[in-house]
Amino acid sequence: MISAFTGQQIRDAEKPLLDSGEGAVLMQRAAYGLAQEVVRQVKRKRKLTGASVTVLAGKGNNGGDGLFAAAFLARRGMRTTAVLAAPEVHPEALAAFTAAGGRTLRLEPGNAEELAVMCAGDDAIIDALLGTGARGGLRGAAAEMIASLQELRPSLVVACDLPSGLDAGTGEVHWPVLDADVTVTFGGIKAGLMTDPGEGCAGRVELVSIGIEPGLRSVSPELRRLTARDLGRLLPAPDRRAHKYSRGVLGVVAGSARFAGAAVLSVHSAALAGAGMVRYLGPESAARAVLSRTPEALWETGDPGRVQAWVLGPGVDGAEQLRRVGDAAKTAMDTGLPVVVDAGALGALPDRCPPHWILTPHAGELATLLDSLPSLGEIAVTRDDVEARPLHFVRLAAELTGATVLLKGATTLVASPSGVVFSQSEGIAWMATAGSGDVLSGVLGAVVAQSAEEVRDDDGAYAALGLEQADRWAAVAAVAASVHGRAGAEASANFEGGPLTASAIMAGVPRVIGSLAAEYDRPRP
Ligand SMILES: NC(=O)C1=CN([C@@H]2O[C@H](COP(=O)(O)OP(=O)(O)OC[C@H]3O[C@@H](n4cnc5c(N)ncnc54)[C@H](O)[C@@H]3O)[C@@H](O)[C@H]2O)[C@@H](O)CC1
Ligand SMILES: Nc1ncnc2c1ncn2[C@@H]1O[C@H](COP(=O)(O)OP(=O)(O)O)[C@@H](O)[C@H]1O
Ligand SMILES: [K+]
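In our numbering, the protein residues as written are 42 to 566.
Pasting the structure below:
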């Protein structure tokens, strides 16, 4: 599992080392790691000697890291320029940079545009204006220069610790921000690099160890991300004596006369993701479409019989389907079964849900959901609000509803009601296509139906993540989000990176599950 931390958590971990006088050593390690990454990136394109690099240096330690890194690069034969964005910058770092032969320029009111044009053509730009000590975003000439550079699209931007203007803990962005190709971050990944909108500005994230890592081991991370290896361990697989009922039966209330496709996608994805059986509840017209794509599914017209979990809501429309949603929700609540609540069912929630109810809104649906909660009071929440502060709002929704909340997006966040949050980002932008969320609902339903026992087992794979029972449902949802994202990315890769349909994402699911199981070296069923 990858952990990410707030700026404060990182500073707390640094403190004992700073107190014992090791601050300069930490900075050298950070600067060396940053310089190495610049060297690697530049060498992919050209010879290092004579290549040009500009460091944009702010007044704090972030600027210090950048200037020391540029001193290393000057000694490796690069043509180095420092644009100093404050009257005073880190004095030792500036001295080292000058001694290594670097040239310095001062950013002043009036020369921002000119300096931006001057360095936009460089082989590399290092953004070392603001780091974890930032309050708010760039202002004045620094903001002007960054806005101009962003328009000029430099060929390589390496952010020092985090792109300047990002909030390290929340991922909120104070514009303007210069999009990085690579962010070299020190000691621990900042949470703002694993949640939008911050993650969208950070490019690839490289972690450089500087010696504070032991101090972070006992810290509860702000964000967690499951790796392929974690998924291999967590994904359900049948044992030798399994039968279809022991495997996990999923009940699905989805679709309607108007939106039959949502039912087709949800049911078929659940079957492909390994549900032992899928029981479908819906109108005849949708059921016909479901059965022609998934003859394995059962159309339940009366009492649906036993299931291990429910998916409620994709494509649900009209009183008849909402009544089925209500009946299934009541049974699930009475019997303690896990439920995935999507789309049309999000408006029909009880006042308080348990953590094994997993809500799957996109940003617009989350805003509507929050607006409908009396506990939020008079505050109105819009889609734009959610997109600007997804981590804040997904946590708030989980806290106020009591459910686990999966917020869909380029980065998908899953919050447990106690505030544990997973972030998965394996998907690609082609996945923003109609029906993609219906596929996720089916995959999630299947994973939930098959994992309920493992979640409750205190010696099981979910417990091994170090999570309380109530927080483990967030990990289950993160597993499904990751499988969905990987299926989309792999399907698009099979089309040379071309566009996707929801059906193509769905078709990629079994292969992703199979290859992830192999990752953990687990025998296949
Ligand atoms: N503490 C340490 O020993 C280490 C710190 N490291 C680096 O140090 C950074 C943190 O250093 P700092 O705490 O000095 O913080 P920053 O380098 O982020 O800068 C904070 C400084 O900028 C000013 N400032 C804050 N917000 C501003 C804004 N919106 N516009 C203009 N100026 C603003 C503050 O007054 C303060 O002087 C990290 O991101 C990392 O790059 C690394 O060198 C590793 C070791
Ligand atoms: N830009 C993006 N990059 C990666 N994945 C995305 C992006 N936009 C959306 N997705 C994913 O695609 C799915 C879209 O779901 P949703 O909005 O419910 O679509 P629909 O209702 O059409 O099925 C979600 O799983 C979401 O995480
Ligand atoms: K920075």
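Don't be surprised by glycine CBs; every beta carbon is placed ideally from N, CA and C.
Only counting the same chain, and skipping five residues up and downstream in sequence, which positions put a Cβ closer than 6 angstroms to that of Ala444?
Taking the first residue of the sequence shown as position 1, residue 444 is located at position 403. The answer, listed in chain order, is Cys394, Trp398, Leu400.
Suppose you measure from the CA of Asp106 to the CA of Gly256; what does that come to, to the nearest Å?
Position 65 of the sequence shown holds residue 106. Position 215 of the sequence shown holds residue 256. Straight-line Cα distance between these residues: approximately 21 angstroms.
Contacts around Ala161, its chain only, beta-carbon distance under 7 angstroms, and the 5 residues preceding and following it disregarded
The count along the sequence shown starts at 1 and reaches residue 161 at position 120. Leu190, Leu193, Pro195, listed in sequence order.
Candidates Phe113, Leu313, Arg70, of which the one nearest Val249 by Cα
Walking along the sequence shown from the start, residue 249 turns up at place 208. Residue Arg70 is the option with its Cα nearest to Val249.
Counting C-beta neighbours from all protein chains within 10 Å, is the total for Gln491 16 or more, i.e. buried, or is it exposed?
Stepping through the sequence shown from its first residue, residue 491 is reached at position 450. Per the 10 Å Cβ criterion, buried.
Looking at Met119 and Ala157, is the spacing between their C-beta atoms short of 8 angstroms?
Counting from one through the sequence shown, the residue named residue 157 turns up at place 116. Counting from one through the sequence shown, the residue named residue 119 turns up at place 78. No, the pair does not count as a contact, with Cβ atoms beyond the cut-off.
Could you check if Thr47 belongs to the surroundings of ligand 1, using beta carbon to heavy atom distance under 7 angstroms?
If you number the sequence shown from 1, residue 47 lands on position 6. Incorrect: Thr47 has no Cβ contact closer than 7 angstroms to ligand 1.
Starting from the N-terminal end, write out each residue whose C-beta falls within a distance shorter than 7 angstroms of any non-hydrogen atom of ligand 3.
Asn103, Asp168, Ala169, Leu170, Leu171, Gly172, Ala200, Cys201, Asp202, Leu203, Pro204, Ser205
Give the single residue among Ala209, Val260, Leu313, Gly151 whose Cα lies nearest to the Cα of Gly181.
The sequence position of residue 181 within the sequence shown is 140, counting from 1. Relative to Gly181, the option among Ala209, Val260, Leu313, Gly151 whose CA is nearest is Gly151.
If you count every other CB in all the chains shown that lies within 10 Å of the CB of Ala515, and 16 or more means buried, which is it?
Within the sequence shown, residue 515 is the residue found at index 474, counting from 1. Ala515 is buried by the Cβ-count criterion.
Is it buried or exposed, Trp351, if we count other Cβ atoms within 10 angstroms and call 16 or more buried?
Stepping through the sequence shown from its first residue, residue 351 is reached at position 310. With 16 or more other Cβ atoms within 10 Å, it is buried.
If you follow the alpha helix (DSSP H) that Arg116 is part of, which residue opens it and which one closes it?
Translated into the one-based positions of the sequence shown, residue 116 becomes position 75. Its alpha helix (DSSP H) spans residues 102 to 116.
Tell me where the alpha helix (DSSP H) around Ile546 begins and ends.
Stepping through the sequence shown from its first residue, residue 546 is reached at position 505. Where Ile546 is concerned, the enclosing alpha helix (DSSP H) stretches over 543 to 548.
Would you say Val518 touches ligand 2, meaning its beta carbon is less than 7 angstroms from a heavy atom?
For the purposes of this step, residue 518 is taken as the residue at position 477 of the sequence shown. Rather than Val, the amino acid found at residue 518 in this sequence is Ala. Ala518 Cβ: outside cutoff for every heavy atom of ligand 2.
Coarse secondary structure for Cys201, derived from DSSP in three states:
As a working mapping, residue 201 is identified with position 160 in the sequence shown. Correct three-state label for Cys201: strand.
Three or more C-beta pairs under 8 angstroms: does that hold for the stretch 474 to 493 against the stretch 295 to 306?
yes
Just list the alpha helix (DSSP H) runs in the stretch 143 to 218, keeping only unbroken ones of 4 residues or longer that don't cross its boundaries, in chain order.
153 to 161, 181 to 193
Who are Arg320's beta bridge partners in DSSP?
Along the sequence shown, read from residue 1 onward, the residue named residue 320 stands at position 279. Answer is Gly292, Leu339.
So, under 8 angstroms CB-CB, Val422 and Asp412 are touching, yes? Tell me the CB distance rounded to an integer number of Å.
Position 381 of the sequence shown, counted from the start, is the residue given in the question as residue 422. Position 371 of the sequence shown, counted from the start, is the residue given in the question as residue 412. That belief holds up - the Cβ atoms of Val422 and Asp412 are roughly 6 angstroms apart, short of 8 angstroms.
To which residues of the same chain is Leu387 closer than 7 angstroms at the C-beta, ignoring the five residues directly before and after it?
Locating residue 387 in the sequence shown gives position 346, counting from the first residue. Excluding sequence neighbours, Leu387 sits near Gly354, Leu400, Pro402, Glu406, Leu410.
Could you name the residues, in chain order, whose CB is less than 6 angstroms away from a heavy atom belonging to ligand 2?
His403, Lys449, Gly450, Ala451, Thr453, Gly468, Ile469, Ala470, Met472, Ala473, Ala475, Gly476, Ser477, Gly478, Asp479, Leu481, His525
Please report the straight-line C-alpha distance between Ser326 and Ala298, rounded to a whole angstrom.
The residue labelled residue 326 in the question sits at position 285 within the sequence shown. The residue labelled residue 298 in the question sits at position 257 within the sequence shown. Whole-angstrom Cα-Cα distance: 6 angstroms.
Could you give the DSSP three-state label for Val461: helix, strand or coil?
In the sequence shown, residue 461 corresponds to position 420, counting from 1. Three-state result, Val461: coil.
Counting along the chain, where does the beta strand (DSSP E) carrying Ile43 start and finish?
Start at 1 with the first residue of the sequence shown, and residue 43 comes out as number 2. 43 to 46 is the span of the beta strand (DSSP E), which, as asked, contains Ile43.
Which residue or residues does DSSP assign as beta-bridge partners of Arg245?
Looking up residue 245 in the sequence shown gives position 204. BP columns for Arg245 point to Val223.
Say yes only if the C-beta of Glu78 is nearer than 7 angstroms to one or more non-hydrogen atoms of ligand 1, and no if none qualify.
Mapped onto the sequence shown, residue 78 falls at position 37. Because no heavy atom of ligand 1 lies under 7 angstroms away, the Cβ of Glu78 does not count as near it: no.
Would you please state the rounded distance, in angstroms, between the beta carbons of Gln50 and Glu263? I believe it to be under 8 angstroms.
As a working mapping, residue 50 is identified with position 9 in the sequence shown. As a working mapping, residue 263 is identified with position 222 in the sequence shown. So it is a contact: roughly 7 angstroms between Cβ atoms.
Lys56 in three-state terms, based on DSSP
Walking along the sequence shown from the start, residue 56 turns up at place 15. Residue state, collapsed to three classes: helix.
So, under 8 angstroms CB-CB, Val626 and Val366 are touching, yes? Tell me the CB distance rounded to an integer number of Å.
Nothing can be reported for residue 626: it is not among the residues displayed for the chain, which extend from 42 to 566.
Own chain residues within Cβ distance below 6 angstroms of Thr335, not counting five before or after
Stepping through the sequence shown from its first residue, residue 335 is reached at position 294. Contacts found: Val308, His309, Ala312.
When DSSP labels each residue in this structure, what does Lys231 get in the three-state scheme?
What you label residue 231 is simply residue 190 of the sequence shown in a count that begins at 1. Correct three-state label for Lys231: strand.
Please report the Cβ distance between Met42 and Arg266, rounded to the nearest whole angstrom; I am assuming they are in contact, meaning their Cβ atoms lie under 8 angstroms.
Against the sequence shown, residue 42 aligns to sequence position 1. Against the sequence shown, residue 266 aligns to sequence position 225. Confirmed, about 7 angstroms.
Taking DSSP as the reference, what is the three-state secondary structure of Ser310?
The residue you call residue 310 lines up with position 269 of the sequence shown. Ser310: helix per DSSP, three-state reduction.
Could you tell me if Thr342 is buried or exposed, where buried requires 16 or more neighbouring beta carbons within 10 angstroms of its beta carbon?
Within the sequence shown, numbered from 1, the residue matching residue 342 stands at position 301. Looking at its Cβ environment, which holds fewer than 16 other Cβ atoms inside 10 Å, Thr342 is exposed.
Tell me whether the beta-carbon of Ala278 lies closer than 8 angstroms to the beta-carbon of Ala558.
Residue mapping note: residue 278 aligns to position 237 of the sequence shown, counting from 1. Residue mapping note: residue 558 aligns to position 517 of the sequence shown, counting from 1. Taking 8 angstroms as the Cβ cut-off, Ala278 and Ala558 qualify as a contacting pair.
Determine the contact status of Ala72 and Phe109, defining contact as a CB-CB distance below 8 angstroms.
Here residue 72 is taken as the residue at index 31 of the sequence shown, counted from 1. Here residue 109 is taken as the residue at index 68 of the sequence shown, counted from 1. Cβ atoms of Ala72 and Phe109: closer than 8 angstroms.
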